[in-house]
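Visitor: Just so you know, the protein sequences line up as chains A and B, in that order. Here my numbering is used: the first residue of the first sequence is 1194, the next is one more, and so on. Here my numbering is used: the first residue of the second sequence is 1194, the next is one more, and so on. This is the structure, below, for whatever I ask next.
Protein chains: 2
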Amino acid sequence: MRTVEWDYNNDQVRMIDQRYLPGEFKIITYTDHRQVADGIRDMVVRGAPAIGAAAAFGMVLAAQTSKAKSSLEMQMDLIAAADVLQKARPTAANLNWALRRILKTAGGQFTNVEDLRKAVLSAAQQIADEDVAINQRMASHGAELIDDGDVILHHCNTGALATVDWGTALGVIRMAHEQGKQVHVLVDETRPRLQGTRLTAWELVRYGISYEIISDNAAGYFLHSGEVKKVFVGADRVAANGDVANKVGTYMLALAAHDNDVPFYPVVPTSTIDLSLAHGGLIPIEERDPSEVLNLQVDGKVIVPEGAKARNPAFDVTPNRLITGIVTEKGLLYPPFEQTLAKAVRDIEDILPSADQ
Amino acid sequence: MRTVEWDYNNDQVRMIDQRYLPGEFKIITYTDHRQVADGIRDMVVRGAPAIGAAAAFGMVLAAQTSKAKSSLEMQMDLIAAADVLQKARPTAANLNWALRRILKTAGGQFTNVEDLRKAVLSAAQQIADEDVAINQRMASHGAELIDDGDVILHHCNTGALATVDWGTALGVIRMAHEQGKQVHVLVDETRPRLQGTRLTAWELVRYGISYEIISDNAAGYFLHSGEVKKVFVGADRVAANGDVANKVGTYMLALAAHDNDVPFYPVVPTSTIDLSLAHGGLIPIEERDPSEVLNLQVDGKVIVPEGAKARNPAFDVTPNRLITGIVTEKGLLYPPFEQTLAKAVRDIEDILPSADQ
Chain A
1194 MRTVEWDYNN DQVRMIDQRY LPGEFKIITY TDHRQVADGI RDMVVRGAPA IGAAAAFGMV
1254 LAAQTSKAKS SLEMQMDLIA AADVLQKARP TAANLNWALR RILKTAGGQF TNVEDLRKAV
1314 LSAAQQIADE DVAINQRMAS HGAELIDDGD VILHHCNTGA LATVDWGTAL GVIRMAHEQG
1374 KQVHVLVDET RPRLQGTRLT AWELVRYGIS YEIISDNAAG YFLHSGEVKK VFVGADRVAA
1434 NGDVANKVGT YMLALAAHDN DVPFYPVVPT STIDLSLAHG GLIPIEERDP SEVLNLQVDG
1494 KVIVPEGAKA RNPAFDVTPN RLITGIVTEK GLLYPPFEQT LAKAVRDIED ILPSADQ
Chain B
1194 MRTVEWDYNN DQVRMIDQRY LPGEFKIITY TDHRQVADGI RDMVVRGAPA IGAAAAFGMV
1254 LAAQTSKAKS SLEMQMDLIA AADVLQKARP TAANLNWALR RILKTAGGQF TNVEDLRKAV
1314 LSAAQQIADE DVAINQRMAS HGAELIDDGD VILHHCNTGA LATVDWGTAL GVIRMAHEQG
1374 KQVHVLVDET RPRLQGTRLT AWELVRYGIS YEIISDNAAG YFLHSGEVKK VFVGADRVAA
1434 NGDVANKVGT YMLALAAHDN DVPFYPVVPT STIDLSLAHG GLIPIEERDP SEVLNLQVDG
1494 KVIVPEGAKA RNPAFDVTPN RLITGIVTEK GLLYPPFEQT LAKAVRDIED ILPSADQ
């Protein structure tokens, strides 16, 4: 199944509950958009593209549960629902992008509420289907950068689980593997949520791709040793100048790659690009609950002093000067990113009329 | 009690068993130098200066348990014991430094084995006592760098637990605190062994110093935000050119400090300086058991896929170009480190005749 999908038999949203992986593969279902917002906040579903699709299906639930008698009334309900959903997590551009796209569709003229409901479902389904197609296009472009025998460093989870299906950065690696190139992945464990250990390693096992987990601290060692040939990461929001907000730790990883002349590539659908922000300093960075840093045990033992406090920013910003190129579904973009990003987004808006309907 | 000390009542070595902190405060005792070597390897005791003192007391046990009838025979036993101890961990310079110093003392002329035993104990005790005095001198020098109100980023554990007593980098912070300066410490949790969470936070609570734990990944965020005013770290070996081997992750931390013009200071006794190695690329880097990366649980759940592999380098090398200054017991050293380090080590050999006896 997909990471997030519409269940046409039962009119509900279905997701893989990622909080239980890799120990248990659990499916969770939602019938209300407020539950979806909570699920996004609690990281049942995570990864910028998957969050976008989840929010879109959340809007379908809002249309479904709305008691509106007129399409105008329902449009007002949908705006309220979008507001609930957009507050679930602040950093990923795709959340807002998907909501805007659904609202655009819903903002048309409808003679009855059933037609509006159908239009919202169809738009959400299109977002989900496009995500898979876009990921595979990105993967084809990105795989050109990978040589047979490459050791690749990877941060967080950017695979099928971070998207509707296939993946962004991990999708690139998977494509290279399917093309018959031998690749080995050094998997940053990615504290504090450990998406590398919990999710990326789990996916790599399923794809039959060779990997080893490392502590995030060890990335610099392996970048300096010459073992790592390329770094591929995802992104939660890309500013107009190419600054990239991604899972916390990405900035130091990019510094270490740059210091050792190892190419560093974010892999992002154009829905992650936010041309409204001139630079990365303007991207809102979510600070999550300190318990995510403090809830560890080792060999069954608690290892945190009683009453310990923690800080927990979930993302950081990598400045464009550390980025070799950005892989998108429109192809590989290189500096000056101000120009190449703007052109890629414009082109997409030309070829995806659905976004403008 | 000290982190490692000689028990004069029972003729044994006594250490705080750091594997159980912060949950339990356990004392472990050793009567054989091979046990001490195992304890160093298993990280019952860790931190370069503490390892040096532990090895020195291990040599006292070797002298005590030796069945040699002549001092020449005992000297041969001591050389064999030093070989066992020096293989316990490869990176920290202090281990070898302490063993060489004990062997130098033991290499003199002794009319009987009892005198030799006493000389070895006296030399080991002197190493331990000097360590505390040296740490306090370093702390006084380093505390000059700290301003009232500073937020300081700290990696690994460099406190009393990493030394015989008082600490290196954490000793500097402690001294500033005792001088009445208000300081707040951001504590890198320091994966994979979590010395920050387990040991540094525990020490800071005892000293009454304000702190928050962060995931190692978050250091770049806080260095870029402008919150962090200085970074203080320890070191396991400093090469002649000022390249510093320290706990894995230090290199990326130094890159992020440098990228944001935040001063970065290793705090090291001169016993950590190895003038025999021209640069950091020559420092042997220990790779430890992958289980240290894979043995985590979160909320009681195992989070590692079955059969997962890991790599686990315990240290990395920070190039001298990223280092603002090195705090030693001889004062603050600045570039060019080739000259300032060599002078500091020479001066120490002049003022510490014990090392040449």
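Every residue gets a Cβ at the ideal spot worked out from N, C-alpha and C, and that includes glycine.
#1: Assuming Val1325 of chain A is part of the alpha helix (DSSP H), what are its boundary residues?
#2: Counting pairs of beta carbons, one from the segment 1506-1522 of chain B and one from the segment 1211-1228 of chain A, are three or more of them closer than 8 angstroms?
#3: Assess, as a yes-or-no matter, whether the segment 1281-1291 of chain B is touched by the segment 1237-1249 of chain B under the definition of 3 or more beta carbon pairs within less than 8 angstroms.
#4: Can you tell me the Cα-Cα spacing of Arg1293 of chain B and Leu1363 of chain B, whole angstroms?
#5: Run through chain A and tell me which residues come within less than 9 angstroms of Gln1490 of chain B, C-beta to C-beta.
#6: Note down, in chain order, each residue of its chain lying with its Cβ closer than 8 angstroms to the Cβ of Ile1496 of chain A, except the 5 sequence neighbours on either side.
#7: Between the Cα of Pro1215 of chain B and those of B:Asp1381, B:Arg1239, B:Trp1395, spot the shortest distance and give me the residue it belongs to.
#8: What did DSSP end up calling Leu1489 of chain B once you bin it into helix, strand or coil?
#9: For the candidate residues B:Met1368, B:Ala1230, B:Asp1492, B:Thr1533, whose alpha-carbon lies nearest to that of Ala1353 of chain B?
#10: Between Pro1483 of chain B and Arg1504 of chain B, which are expected to be in contact by the criterion C-beta below 8 angstroms, what is the C-beta distance as a whole number of angstroms?
#11: If you follow the beta strand (DSSP E) that Met1208 of chain B is part of, which residue opens it and which one closes it?
#12: Which residue wins for smallest C-alpha separation from Ile1320 of chain A, given the options A:Ser1333, A:Ala1249, A:Ile1466?
#13: Would you check if the segment 1340-1347 of chain B and the segment 1420-1432 of chain B touch, i.e. whether three or more CB-CB distances between them fall below 8 angstroms?
#14: Run through the DSSP bridge pairs and tell me what Phe1425 of chain B is partnered with.
#15: By the 10 Å Cβ neighbour count, where 16 or more other Cβ atoms means buried, how is Asn1202 of chain B classified, buried or exposed?
#16: In whole angstroms, what separates the C-alpha of Leu1515 of chain A from that of His1348 of chain A?
#17: Report the residue ranges of all alpha helix (DSSP H) runs contained in full by the segment 1346-1410 of chain A; include only those spanning at least 4 residues, in chain order.
#18: So Val1461 of chain A packs on Ile1519 of chain A, CB below 8 angstroms; how close in whole Å?
#19: Can you give me the C-alpha to C-alpha distance between Pro1456 of chain A and Asp1540 of chain B, rounded to a whole angstrom?
#20: Of all the residues that make up the segment 1432-1458 of chain A, which are near chain B by a beta-carbon distance shorter than 7 angstroms?
#21: Contact defined as beta carbons within less than 8 angstroms: I believe Leu1314 of chain A pairs with Trp1199 of chain A. What is the distance between those atoms, to the nearest angstrom?
#22: Could you check whether Ile1233 of chain B and Ala1138 of chain B sit closer than 8 angstroms to each other, using their CB atoms as the reference points?
#23: By DSSP's criteria, Trp1290 of chain B is part of a beta bridge. Which residues make up the other side?
#24: Under the rule that 16 or more other beta-carbon atoms within 10 Å means buried, what is Gly1500 of chain A, buried or exposed?
#25: Would DSSP call Asp1531 of chain B helix, strand or coil?
#26: Can you tell me which residues form a DSSP beta bridge with Ala1230 of chain A?
#27: Only counting the same chain, and skipping five residues up and downstream in sequence, which positions put a Cβ closer than 6 angstroms to that of Val1137 of chain B?
#28: Under 8 angstroms, do Ala1432 of chain B and Leu1387 of chain B count as touching if we go by C-beta distance?
#29: So what's Glu1522 of chain B in DSSP terms, helix, strand or just coil?
#30: Tell me, please, whether the CB atom of His1377 of chain B is closer than 8 angstroms to any CB atom in chain A?
#31: Cβ of Pro1459 of chain B within 8 angstroms of Cβ of Ala1412 of chain B?
#32: What whole-angstrom Cβ distance do Val1559 of chain B and Gln1211 of chain B have, given they're in contact under 8 angstroms?
#33: Residues of chain B with a CB under 7 angstroms from the CB of Pro1385 of chain A: which are they?
#34: Take the Cβ of Pro1546 of chain A as the centre, count every other Cβ of all protein chains shown within 10 Å, and call the residue buried at 16 or more, exposed below.
#35: State the Cα-Cα distance for the pair Tyr1404 of chain B and Leu1397 of chain B, rounded to the nearest angstrom.
#36: Would you mind working out which of B:Gly1251, B:Asn1453, B:Met1269, B:Arg1384 sits nearest Tyr1444 of chain A, comparing C-alpha positions?
Guide: So, from the data block:
#1: It spans 1306-1336 - the alpha helix (DSSP H) in which Val1325 of chain A sits, taken as one unbroken run.
#2: Not touching, per the Cβ criterion.
#3: Because the criterion of three Cβ pairs below 8 angstroms is met, the segment 1237-1249 of chain B and the segment 1281-1291 of chain B touch.
#4: Whole-angstrom Cα-Cα distance: 27 angstroms.
#5: At a C-beta separation below 9 angstroms, Gln1490 of chain B has these neighbours in chain A: Leu1489, Gln1490, Val1491, Asp1492, Gly1493.
#6: Contacts found: Leu1489, Gln1490.
#7: The shortest C-alpha separation from Pro1215 of chain B is found at B:Trp1395.
#8: Here DSSP, grouped into helix, strand and coil, assigns Leu1489 of chain B to strand.
#9: When B:Met1368, B:Ala1230, B:Asp1492, B:Thr1533 are compared, the shortest CA-CA separation from Ala1353 of chain B is found for B:Met1368.
#10: Your pair Pro1483 of chain B and Arg1504 of chain B checks out as a contact, with CB atoms roughly 7 angstroms apart and the cut at 8 angstroms.
#11: If you look at Met1208 of chain B, you'll find it in the beta strand (DSSP E) that goes 1205-1209.
#12: Among A:Ser1333, A:Ala1249, A:Ile1466, the Cα nearest to that of Ile1320 of chain A belongs to A:Ala1249.
#13: In the pairwise beta carbon analysis, the segment 1420-1432 of chain B is classified as touching the segment 1340-1347 of chain B: at least three pairs are separated by under 8 angstroms.
#14: DSSP lists B:His1347, B:Tyr1458 as the beta-bridge partner residues of Phe1425 of chain B.
#15: By the 10 Å Cβ count, Asn1202 of chain B comes out exposed.
#16: Those two C-alpha atoms are separated by around 16 angstroms.
#17: Fully enclosed alpha helix (DSSP H) runs of no fewer than 4 residues occupy 1362-1371, 1394-1400 of the segment 1346-1410 of chain A, in order along the chain.
#18: Indeed, because the Cβ distance is near 6 angstroms, the residues count as touching under 8 angstroms.
#19: The alpha-carbon of Pro1456 of chain A is positioned some 45 angstroms away from that of Asp1540 of chain B.
#20: Here the close residues are Val1441, Gly1442, Tyr1444, Met1445, Leu1448, Ala1449, Asp1452.
#21: Yes, they are in contact, since the Cβ atoms of Leu1314 of chain A and Trp1199 of chain A sit about 7 angstroms apart, within 8 angstroms.
#22: Given a span of 1194 to 1550 for chain B in the structure shown, any question on residue 1138 of chain B remains unanswerable.
#23: DSSP lists no partner for Trp1290 of chain B.
#24: The residue in question, Gly1500 of chain A, is exposed, as its Cβ has fewer than 16 Cβ neighbours within 10 Å.
#25: Correcting the residue identity first, residue 1531 of chain B is Glu in this sequence and not Asp. If DSSP states are grouped into helix, strand and coil, Glu1531 of chain B belongs with the helices.
#26: Answer is none; Ala1230 of chain A lacks a bridge partner.
#27: Any question about residue 1137 of chain B goes unanswered here, given that chain B covers just 1194 to 1550.
#28: The Cβ-Cβ distance between Ala1432 of chain B and Leu1387 of chain B does not fall below 8 angstroms.
#29: Glu1522 of chain B: coil per DSSP, three-state reduction.
#30: The beta carbon of His1377 of chain B sits no closer than 8 angstroms to any beta carbon of chain A.
#31: Remark: C-beta atoms of Pro1459 of chain B and Ala1412 of chain B do not approach each other more closely than 8 angstroms.
#32: Not covered by the structure: residue 1559 of chain B. The range shown for chain B is 1194 to 1550.
#33: Simply Ser1408.
#34: A caution first: Pro1546 of chain A carries a pLDDT of 44, below 50, which makes its placement in the model too unreliable to give a value.
#35: Distance between the alpha carbons of Tyr1404 of chain B and Leu1397 of chain B: 7 angstroms.
#36: Comparing Cα-Cα distances from Tyr1444 of chain A to each of B:Gly1251, B:Asn1453, B:Met1269, B:Arg1384, the minimum goes to B:Asn1453.
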